[in-house]
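To start, the structure under review is shown below, and the notes come after it.
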Amino acid sequence: MAKKPKRVVCTACNLGQDQVLKQTFLGFYTFQCEECGEKVQYPLSATYVAIYALSILSLFGLFFGRGACGVLAVGGVVALALDVGIRRRVKAAEAHERTRGEVIAETFE
């Protein structure tokens, strides 16, 4: 089953476009911008955020409760920290979104 294109905004050139998103190992969505060629990451879905948060809480609970090592929680912490930065960049890009027509008009000015 083919994935449906989703409306996204490039964080480098602020161009809004419809893209089929690919998912990375940690769960981030990525696409390649049609205009500038930049590889753009999109934030984690709410499901992934919840899974990472629960895994961090449970592993830290093990760490403090039984003395077990919470090393696996580090991956969740890293993913959630990256997610915050990506969300900020995407929010800023969406606030300055341009359309394909605006990009074409800029080239002829």
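When we follow this note's numbering, the leftmost residue of the sequence shown carries the number 1434, and every step to the right adds one. We put the beta carbon where it would ideally sit given N, CA and C, even for glycine. Computed from a predicted structure; not experimentally measured.
Thinking C-alpha only, which one of the options is nearest residue i?
i	options	result
S1488	G1449, K1436, V1523 and V1511	V1511
V1442	C1469, T1457, K1436 and L1459	C1469
K1472	A1483, L1454, S1478 and L1459	L1454
E1467	P1476, L1477 and L1448	L1448
For residue i, which of helix, strand or coil comes out of DSSP?
i	result
L1448	strand
K1436	coil
So the beta strand (DSSP E) residue i belongs to, where does it begin and stop?
i	result
R1440	K1439 to V1442
Per the DSSP calculation, residue i is bridged to which residue(s)?
i	result
F1464	V1473
K1455	T1463
Any C-beta of chain D sitting closer than 8 Å to the C-beta of residue i?
i	result
V1511	Here chain D cannot be found, since the structure has a single protein chain.
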